Amino acid sequence: MGARTLSPDAVDYAFIKSWIFRCDFSHGRRCRKNRDPVRPLSDIAVIHCASRELVPLQLSNALGQPSQEFVTLSYLWGPPQGAGQTSAVDGKIPDEVPRVVEDAMTVVTKLGLEYLWVDRYCIPQNDPVARKAQIQQMGDIYARSALTIIAAAGSGPEHGLPGVSLPRVPQLSAQVGKYTLVDLGFLSGDMYDSKWDTRAWTYQEGLLAPRRLLFTDHAAYFQCREMHCYENLTQPIYNLKVSTLMAFDADMVFERLFPVAKSPPGELVNRITTFFKKEMSFDKDVLDALAGIFAEF
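Under my numbering, the first residue of the sequence shown carries the number 386, and numbering increases by one thereafter.
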């Protein structure tokens with residue numbers, strides 16, 4: 386395992402695609418089991434990124450299983466007064482959307498995918514009955530997505546994704562003879578110190594997603610059920626220990642940022658306790674957010 390030098394201007398999409406391919410090829414349903422139906426999805430719309438149109442999510446059977454891959458976005462909604470237009474116009478999302486949404490559509494396209502689910506456009510915000518029904522499905526939507534993009538930088542939707550439309554913090558490096566030493570940083574600190582990590586809804590989204598692609602000010606990070614990958618490392622880290630004379634544990638040095646799903650039953654208490662330490666704008670949403678976590682365990 387070695388270190389990689391990162392561009393401050395752009396994430397390495399080819400490298401990220403290699404993570405997803407490795408997961409698809411090697412892990413199979415072990416990284417898709419969250420998509421087994423608990424209850425059917427219904428009346429779900431997704432954004433077709435190329436056309437910007439809202440289209441119905443195609444479902445394969447009466448169990449409401451998606452028949453097409455779609456990506457979800459986990460981000461900070463921001464204050465209501467800064468939310469901007471949150472409804473489609475003639476079946477399309479607005480020409481001007483928050484930067485994080487625009488960047489997420491770019492990522493989806495660069496990764497060779499087509500569809501993105503974003504709550505502010507895919508949930509009917511002006512129809513209280515439909516909105517309630519969609520909110521109750523949010524846990525299932527994230528659990529059945531092919532990938533969840535997590536915006537763990539900035540304090541609102543206009544910040545965007547570092548390495549997409551924003552420059553990242555330059556990686557420190559030094560040349561020592563024929564070797565280049567690079568700073569690997571601490572992505573865990575980036576996430577745990579982020580505004581994203583303070584919110585209850587985003588906590589639920591990150592917990593339930595079977596595969597996450599996290600964007601921080603320093604680097605990107607991917608985690609599925611079997612491995613986690615740092616953009617500044619040449620190889621993924623699998624859920625195992627690497628034996629040396631020092632009993633080096635790669636998983637402790639380069640830690641897994643999200644808990645492994647289907648943990649022992651006692652872990653549910655830890656998850657609920659953590660949930661109630663997070664912030665939520667509307668108390669009436671607590672039961673809906675908790676329902677998704679209970680379904681996971």
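C-beta: ideal position from N, C-alpha, C; glycine also. Note that this is a predicted model, so its numbers are computed, not measured.
Counting only runs that start and end inside the region 513-595, the alpha helix (DSSP H) elements of at least 4 residues fall at 513-520, 523-528, 572-577, 585-593. Remark: C-beta atoms of residue 536 and residue 460 approach each other more closely than 9 angstroms. Just so you know, the alpha carbons of residue 395 and residue 578 end up roughly 22 angstroms apart.
Under the DSSP assignment, residue 502 falls in the beta strand (DSSP E) whose first and last residues are 500-502. Judged by beta-carbon spacing, residue 501 lies beyond the 9 angstroms limit of residue 408, meaning their Cβ atoms are not closer than that value. By the criterion of at least three beta-carbon pairs nearer than 8 angstroms, the region 558-567 is not in contact with the region 499-519. Using a Cβ distance threshold of 9 angstroms, residue 482 and residue 456 do not count as a contacting pair. Contact between residue 533 and residue 594 holds, with the beta-carbon distance rounding to 4 angstroms and staying under 8 angstroms.
Contact check for residue 610 against residue 416 passes: the beta carbons are separated by less than 9 angstroms. Distance check between residue 454 and each of 404, 389, 498, 441 places 498 closest, using alpha-carbon atoms only. A direct Cα-to-Cα measurement between residue 661 and residue 591 gives close to 15 angstroms.
Assigned with DSSP and collapsed to three states, residue 610 falls in coil, not helix or strand. Take the alpha-carbon of residue 443 and the one of residue 556: they are about 42 angstroms apart. With a 10 Å radius around the Cβ and a threshold of 16 neighbouring Cβ atoms, residue 666 comes out exposed. Residue pairing from DSSP leaves residue 398 without any beta-bridge partner. By the Cβ neighbour-count rule, residue 445 is exposed, with fewer than 16 other Cβ atoms within 10 Å of its own.
Secondary structure note for residue 489: its alpha helix (DSSP H) is the uninterrupted segment 484-495.
When 496, 581, 517, 552 are compared, the shortest CA-CA separation from residue 402 is found for 496. Its Cα nearest to that of residue 599, the residue 574 stands out among 561, 513, 574. Annotation: the continuous beta strand (DSSP E) that includes residue 432 extends over 430-433.
Excluding sequence positions up to five before and after residue 605, its CB lies within less than 6 angstroms of the CB of 396, 616, all in the same chain and listed in chain order.
Taking all protein chains in view, the Cβ of residue 545 is crowded by 16 or more other Cβ atoms within 10 Å, so the residue is classified as buried.
Taking all protein chains in view, the Cβ of residue 489 is crowded by 16 or more other Cβ atoms within 10 Å, so the residue is classified as buried. The bridge partners DSSP lists for residue 618 are 388.
Judged by DSSP in its simplified three-state form, residue 439 adopts strand. Here residue 597 carries a strand assignment [DSSP, helix/strand/coil]. Distance check between residue 571 and each of 410, 552, 589, 603 places 603 closest, using alpha-carbon atoms only.
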